[in-house]
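Peer 1: Supplied in structure tokens, the structure appears directly below.
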Amino acid sequence: MNWTCGATTWACSAGTATAVTGAWPWSWSCTWINDWSTASCSTGDAWVAGWWKFEEGKAYDANMDSALSYVPAHAIKNADWQNVFSDIGMNQNYTTEFIPVDPAKTYNITGLFKSAWAIASRLYYGVATFDSNKNFIWAEDVIRYWNDVVVSSYNSTSITVNQTISWWQDPAAAYYNRSIWFYYDGNTSHLPDYVMMISPNWAYSSAIWTTITLNYPLPAHVMTNLILWTTVIKNHWSGGSYLYSAAAYESVPYSWTKYQANITGEWFGNWGGAFRLGTRYVKILFLNNYWQGSDTEMLYKNLSFKEAWTTTADSSGNWGNWVMQWGAAWWGGKMWNSANIWGTAWNMISIPSSAALHSSNYTYSAWTYLNSYPTNTNIWWVVFSNYQSYYGSIFYISDTWFVSIRSHKPSTSGSAIGTAQVPLKQWIHVAATYDWNKLSVYLNWVKNWESTFSLYATNPSNATVIWAWTDWSTANFPWFIDDVKVHSRALNAEEIMSVYNTQK
Numbered sequence: 000m001n002w003t004c005g006a007t008t009w010a011c012s013a014g015t016a017t018a019v020t021g022a023w024p025w026s027w028s029c030t031w032i033n034d035w036s037t038a039s040c041s042t043g044d045a046w047v048a049g050w051w052k053f054e055e056g057k058a059y060d061a062n063m064d065s066a067l068s069y070v071p072a073h074a075i076k077n078a079d080w081q082n083v084f085s086d087i088g089m090n091q092n093y094t095t096e097f098i099p100v101d102p103a104k105t106y107n108i109t110g111l112f113k114s115a116w117a118i119a120s121r122l123y124y125g126v127a128t129f130d131s132n133k134n135f136i137w138a139e140d141v142i143r144y145w146n147d148v149v150v151s152s153y154n155s156t157s158i159t160v161n162q163t164i165s166w167w168q169d170p171a172a173a174y175y176n177r178s179i180w181f182y183y184d185g186n187t188s189h190l191p192d193y194v195m196m197i198s199p200n201w202a203y204s205s206a207i208w209t210t211i212t213l214n215y216p217l218p219a220h221v222m223t224n225l226i227l228w229t230t231v232i233k234n235h236w237s238g239g240s241y242l243y244s245a246a247a248y249e250s251v252p253y254s255w256t257k258y259q260a261n262i263t264g265e266w267f268g269n270w271g272g273a274f275r276l277g278t279r280y281v282k283i284l285f286l287n288n289y290w291q292g293s294d295t296e297m298l299y300k301n302l303s304f305k306e307a308w309t310t311t312a313d314s315s316g317n318w319g320n321w322v323m324q325w326g327a328a329w330w331g332g333k334m335w336n337s338a339n340i341w342g343t344a345w346n347m348i349s350i351p352s353s354a355a356l357h358s359s360n361y362t363y364s365a366w367t368y369l370n371s372y373p374t375n376t377n378i379w380w381v382v383f384s385n386y387q388s389y390y391g392s393i394f395y396i397s398d399t400w401f402v403s404i405r406s407h408k409p410s411t412s413g414s415a416i417g418t419a420q421v422p423l424k425q426w427i428h429v430a431a432t433y434d435w436n437k438l439s440v441y442l443n444w445v446k447n448w449e450s451t452f453s454l455y456a457t458n459p460s461n462a463t464v465i466w467a468w469t470d471w472s473t474a475n476f477p478w479f480i481d482d483v484k485v486h487s488r489a490l491n492a493e494e495i496m497s498v499y500n501t502q503k
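Start counting the sequence shown at 0; every next residue gets the next number (numbering that gives the first Met the number 0).
Rendered as structure tokens:
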């Protein structure tokens, strides 16, 4: 029995799925999961395909870690088979991709989970944090307490400081709360230059008055960098290894349950609602069936990590990266704020250029809202266009009320029309995919039209905009656009449905 997974055909034999042709494209993870099957594959087997997509404002693909062990998913029903994974017993899962983040923005992490066996599964769900060099940021790096003290003298096993030590953890405290941070230049607003947390006894045995007695000799590189009367040291504690933003030791119900949270800002702390100080990359991480055995099974799907669009953020236009021009304005939208483009000539939104906007294959999608149909002209919404040189690939609502797509370069253009009429005064999700001469257009995730169609390559120079292009004499034509997404490849029908479902 063969099963198709993207561009790859998988042969099923003796309980194992083997790729026999092609390659799974775009670095997406494709894993087949066997049921409690015996030595051969039959129609009774439950083979499950799964893919993962993570976003940070735009499309962002991430593979699940290659070391993960996927196990039988006997509880998956026919209606649930798409995008579902399963774990039996305790497992720690995370993405191999480092996902870039900007702590000044707000990110939303979501996922659907449910218990499948008699004992409810326990769940931790959040992120692992990394600095700009992709080094893991430990809890001990950011959990600090009590007063700063300055090094006045030291030897290999003892440090004397400039003032009485207040409230540092004493010898009776748990060893993991007796680590020491070193700030060589005295600046404590950044991550420490060195954290001394040597196991099994950690850094010090006592911190009394002005003397810290160490359990281990100071490393040579630390003594080289210490600056007397300048270097600050602090007491640091341990904490949870990761930020469990969306779930922390939750007992998961037996129906699909969404766990989600927003993460924004950075600080010296280990609270799941803010990134650890210095975070510039994350990996999505979840612990299933935490400290539970083989009598527990967790099902999970639809994991997502993306920028959380808010009214405050939208009002500045993608955090200042989009610029409204010639009449375009922010307005109440499908999600939070949408772009209100009145339909007069040249209303536009300037956006940063990207290689993804000039790919030979692509997916464009957005939500649109029409207050009325155009008269004697077209209302164009352009996913990207270099308007100075008239290069672009363009969606538009024609004066016959159909969604169309047009590819244009100077003196040469082509277009195609084939969708159903677009209804008025309601939000409609429109998407188009282009994959090596095959163009497909979707309305509300349903494929409405498909044809062979040759599009022209775009010119990545000059300005990149989303704009309204109408006849100069046309009266104002109010319409809205929201949640624009561009992928540098053609999504399949299931993925289009997933994009639609995230904001329907």
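Built from N, CA and C at the ideal position, the CB exists for glycine as well.
The model shown is predicted, which means the values in this text are computed figures rather than measured ones.
V221 lies in the alpha helix (DSSP H); which residues open and close that run?
Peer 2: Looking at the DSSP string, the run of the alpha helix (DSSP H) that includes V221 is 219 to 224.
Peer 1: Kindly provide the ranges of any beta strand (DSSP E) runs that are 3 or more residues long and lie completely inside the segment 245 to 281, ordered along the chain.
Peer 2: Whole beta strand (DSSP E) segments, 3+ residues: 256 to 263.
Peer 1: Looking only at its chain, what residues have a beta carbon closer than 8 Å to the beta carbon of T163, apart from the 5 residues adjacent to it on each side?
Peer 2: For T163, where only same-chain residues beyond five positions count, the Cβ hits under 8 Å are W208, T209.
Peer 1: Can you tell me whether DSSP reads V100 as helix, strand or coil?
Peer 2: DSSP places V100 in coil when its eight states are reduced to three.
Peer 1: In the DSSP assignment, find the beta strand (DSSP E) that holds D147 and state where it starts and stops.
Peer 2: It spans 143 to 154 - the beta strand (DSSP E) in which D147 sits, taken as one unbroken run.
Peer 1: Mark N287 as exposed unless 16 or more other C-beta atoms lie within 10 angstroms of its C-beta, in which case mark it buried.
Peer 2: Buried: at least 16 other Cβ atoms inside 10 Å.
Peer 1: Does the distance between the C-beta of S131 and the nearest non-hydrogen atom of the ligand SAH fall short of 7 Å?
Peer 2: You won't find the ligand SAH in this model; it holds no ligand whatsoever.
Peer 1: Beta carbon of N176, beta carbon of S237: below 8 Å?
Peer 2: Going by C-beta atoms, N176 is nearer than 8 Å to S237.
Peer 1: Tell me whether W496 sits in a helix, a strand or coil according to DSSP, three-state version.
Peer 2: A small correction: the amino acid at residue 496 is Met; Trp does not occupy that position in the sequence shown. Helix at M496.
Peer 1: How about P191: is its C-beta nearer than 8 Å to some C-beta of chain B?
Peer 2: No chain B appears in the structure shown, which is made up of a single protein chain.
Peer 1: Can you say whether K424 is buried or exposed, counting buried as having 16 or more other CB atoms within 10 angstroms of its CB?
Peer 2: Its Cβ having fewer than 16 others within 10 Å, K424 is exposed.
Peer 1: Where does D526 fall in DSSP's three states?
Peer 2: Nothing in the structure corresponds to residue 526, since the chain is present only between 0 and 503.
Peer 1: Determine the closest residue to S254 out of W137, K113, N146, with distance taken between C-alpha atoms.
Peer 2: Selected option, being the one with the closest Cα: K113.
Peer 1: Assuming Y248 and Y289 form a contact by the criterion Cβ under 8 Å, report the distance between their Cβ atoms to the nearest whole angstrom.
Peer 2: Their Cβ separation, rounded to whole angstroms, is 6 Å, which keeps Y248 and Y289 in contact under 8 Å.
Peer 1: How many angstroms separate the CA atom of A489 from the CA atom of N301?
Peer 2: Rounded to the nearest angstrom, the two C-alpha atoms are 19 Å apart.
Peer 1: Residues in its own chain within less than 8 Å of W228 by CB, not counting five upstream and five downstream?
Peer 2: Once the five neighbours on either side are set aside, the close Cβ partners of W228 are V149, V150, S151, N161.
Peer 1: Can you grab the Cα-Cα spacing for the pair Y193 / F97, in whole Å?
Peer 2: Straight-line Cα distance between these residues: approximately 24 Å.
Peer 1: Using the three-state DSSP reduction, which class does A138 fall into: helix, strand or coil?
Peer 2: DSSP places A138 in helix when its eight states are reduced to three.
Peer 1: What is the residue span of the beta strand (DSSP E) that K437 lies within?
Peer 2: Element bounds for K437: 437 to 442.
Peer 1: Terminal residues of the continuous beta strand (DSSP E) containing M297?
Peer 2: Per DSSP, M297 belongs to the beta strand (DSSP E) from 296 to 306.
Peer 1: Per DSSP, G110 is paired with what?
Peer 2: Note: G110 sits in a beta bridge opposite Y258.
Peer 1: What residue range is occupied by the uninterrupted beta strand (DSSP E) comprising K233?
Peer 2: Counting along the chain, the beta strand (DSSP E) containing K233 begins and ends at 231 to 235.
Peer 1: Alpha carbon to alpha carbon, how far is M496 from L369?
Peer 2: Going by the C-alpha atoms only, they are around 22 Å apart.
Peer 1: Measuring straight from C-alpha to C-alpha, what distance separates N186 and I480?
Peer 2: Each residue's alpha carbon lies about 47 Å from the other.
Peer 1: Straight-line CA distance for D294 to L111?
Peer 2: Each residue's Cα considered, the two are about 21 Å apart.
Peer 1: Is N107 buried or exposed, if buried means 16 or more other CB atoms sit within 10 Å of its CB?
Peer 2: Buried.
Peer 1: Buried or exposed: where does H486 fall if 16 or more other Cβ atoms within 10 Å of its Cβ makes it buried?
Peer 2: Answer is buried; the Cβ neighbour count reaches 16.
Peer 1: Please return the same chain residues whose Cβ sits closer than 6 Å to the Cβ of N146, not counting the five positions on each side in sequence.
Peer 2: Answer for N146: S165, listed in chain order.
Peer 1: Taking all protein chains shown into account, decide if D140 is buried (16 or more other Cβ within 10 angstroms of its Cβ) or exposed.
Peer 2: Buried.
Peer 1: Look up N176 in the DSSP assignment and say whether it is helix, strand or coil.
Peer 2: Helix, per DSSP.
Peer 1: Find out if the Cβ-Cβ distance for the pair Q259, A245 is shorter than 8 Å.
Peer 2: Yes, they are a contact pair.
Peer 1: What is the DSSP secondary structure of R488, counted as helix, strand or coil?
Peer 2: Residue state, collapsed to three classes: coil.
Peer 1: With DSSP as the reference, label D86 as helix, strand or coil.
Peer 2: Strand at D86.
Peer 1: For A115, which option in T230, N92, F129, G88 has the closest C-alpha, if you only look at C-alpha atoms?
Peer 2: The residue with the shortest Cα to Cα distance from A115 is G88.
Peer 1: Round the Cβ separation of Y182 and V231 to the nearest angstrom and send it over; I've been treating them as touching at under 8 Å.
Peer 2: About 4 Å separates the two Cβ atoms, so the contact holds.
Peer 1: Using CA coordinates, which residue listed in N360, A492, Y153, E493 is at the minimum distance from W435?
Peer 2: Among N360, A492, Y153, E493, the Cα nearest to that of W435 is on N360.
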